[in-house]
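In terms of this note's numbering, the sequence shown opens at residue 176 and continues consecutively. Heads up, the beta-carbon is just placed ideally off N, CA and C, and yes, glycines get one too. Before any comments, here is the structure.
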Amino acid sequence: MPPHNPTPAGPSQRQLRVGEIVRHALSDILSRGAIADPDLDGVIITVPEVRMSPDLKQATVLVMPLGGRDADRVLAGLERSRKWLRGQIARRVDLRFAPEIRFRLDTRY
Numbered sequence: 176m177p178p179h180n181p182t183p184a185g186p187s188q189r190q191l192r193v194g195e196i197v198r199h200a201l202s203d204i205l206s207r208g209a210i211a212d213p214d215l216d217g218v219i220i221t222v223p224e225v226r227m228s229p230d231l232k233q234a235t236v237l238v239m240p241l242g243g244r245d246a247d248r249v250l251a252g253l254e255r256s257r258k259w260l261r262g263q264i265a266r267r268v269d270l271r272f273a274p275e276i277r278f279r280l281d282t283r284y
């Protein structure tokens, strides 16, 4: 009989569920073009995944601008808007804590 492994191999169902809820909220906010930042104006940004920390206090948001163009500029704009986006997520998602947001470029494709 193999030894019991107390640490799961991947994220918990709760992390996956909350990550998906946060992803939907962010996708909705970004699709409306509500962020007042010149580097994000008119840019279509997809959010393929949000990875939550085990305590749900950190959200790593994987983003990709359409066509992959101006990725560094888009990431800089998202970083500047991070606090505002966190507030928007707090209003839309019923969590005890609004997660800290980190943006990363989705380089999987």
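Given 8 Å as the limit, is there contact between the stretch 227-239 and the stretch 264-276, that is, 3 or more CB pairs closer than that?
At 8 Å Cβ cutoff, the stretches touch.
Since M239 and P223 are thought to touch, with beta carbons under 8 Å apart, how far apart are those beta carbons, to the nearest angstrom?
In the sequence shown, residue 239 corresponds to position 64, counting from 1. In the sequence shown, residue 223 corresponds to position 48, counting from 1. Contact flag correct, Cβ pair sits at about 7 Å.
Going straight from the alpha carbon of A209 to that of P186, what length do you get?
Along the sequence shown, read from residue 1 onward, the residue named residue 209 stands at position 34. Along the sequence shown, read from residue 1 onward, the residue named residue 186 stands at position 11. Each residue's alpha carbon lies about 31 Å from the other.
Excluding the five sequence neighbours on either side, which residues of its own chain have a C-beta within less than 6 Å of the C-beta of R198, listed in chain order?
Numbered from 1 along the sequence shown, position 23 holds the residue referred to as residue 198. Cβ neighbours of R198 beyond the five flanking positions: V222 and V225.
What is the DSSP secondary structure of V218, reduced to helix, strand or coil?
Numbered from its first residue, the sequence shown carries residue 218 at position 43. DSSP places V218 in coil when its eight states are reduced to three.
Just to confirm, are V249 and M227 a CB contact at a threshold of 8 Å?
Translated into positions along the sequence shown, residue 249 becomes position 74. Translated into positions along the sequence shown, residue 227 becomes position 52. No, the pair does not count as a contact, with Cβ atoms beyond the cut-off.
Which complete beta strand (DSSP E) runs does the stretch 226-283 hold, if anything under 3 residues is left out?
Fully enclosed beta strand (DSSP E) runs of 3 or longer: 233-240 and 275-280.
From L215 to L260, what does the alpha carbon distance come to, in whole angstroms?
Counted from its first residue, the sequence shown places residue 215 at position 40. Counted from its first residue, the sequence shown places residue 260 at position 85. Computed Cα separation, rounded: 13 Å.
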